[in-house]
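15 is the number of the first residue of the sequence shown in the working numbering; add one for each residue after it. A quick write-up on the structure given underneath.
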Amino acid sequence: MTTPETGVQSLGVTGAVAGENPRVARTATGSPIANKGEVFTSFDVNAFEIPGGRDEVWRFTPLRRLRGLHDGTAVANGAVTVDVAGPDTVQVETVGRDDDRLGKAGVPADRVAAQAYSGFESATVVTVGREVEVAETINITVTGPGEGKVAFGHLQIRLEAFAKATVVIDQRGSGT
């Protein structure tokens, strides 16, 4: 199947010439995809096949440890905590899924990313205003819900025109 938006073929197994990997994504002309911009993307979880251990990009991933993030069976039973430490010139907001700023910076390129995007209820948006230069580091700490818990979170960092800042994201704790 070829998608009209990108011309990228699905990763179904077909006959292969010796030395070829039939699971490598290819363009409509048959060339291997070398540019991530050519990879199929979608916010729809069901637009992606459920990954398996024989898929090239997933073969080194212990799928059991994803606890259902790859096949849609993960249910959120925890919450992510996001703490932002920075000067008053940095704006921090918690917004709902319907905020127009969300989903503009990138579209999920695999089923797990699409599941994570479609699963969050609120997002943290950190904004540095137009032409603002932040001298000190903005530290963002994202803490997972804990062992055996599942949480979907979304963090967006926005620097408006000509803004300058150094941002450090520290991801702590465990969770699926």
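From the three backbone atoms N, C-alpha and C, an ideal C-beta is built for every residue, glycine too.
Spatial neighbours of Ile154 in its own chain (CB-CB distance under 6 Å, excluding positions within 5 residues in sequence) are listed in chain order as Val98 and Ile183. Put simply, the backbone Cα of Val181 is about 14 Å away from that of Val96.
Looking at the DSSP output, Ile183 bridges to Ile154. Annotation for Ala179: Val142, Val148, Ile152 and Leu173 place their beta carbon closer than 7 Å to its own, counting only its chain and skipping 5 residues before and after.
Closest in C-alpha terms to Leu83, from the list Leu116, Pro65, Arg73 and Ala93, comes Pro65. Around the Cβ of Ser56, a 10 Å sphere holds 16 or more other Cβ atoms; the residue is buried.
The residues Gly133, Val164, Ala165 and Phe166, in chain order, have a CB closer than 7 Å to that of Ala90 in the same chain once the five nearest residues on each side in sequence are set aside. Here DSSP, grouped into helix, strand and coil, assigns Glu52 to helix.
Taking 8 Å as the cut-off, the beta carbon of Gly187 is found no closer than this to the beta carbon of Thr138. Annotation: Ala123 to Arg144 spans about 30 Å, alpha carbon to alpha carbon.
By a beta-carbon distance limit of 8 Å, Ala88 contacts Arg81. Their separation comes to about 6 Å.
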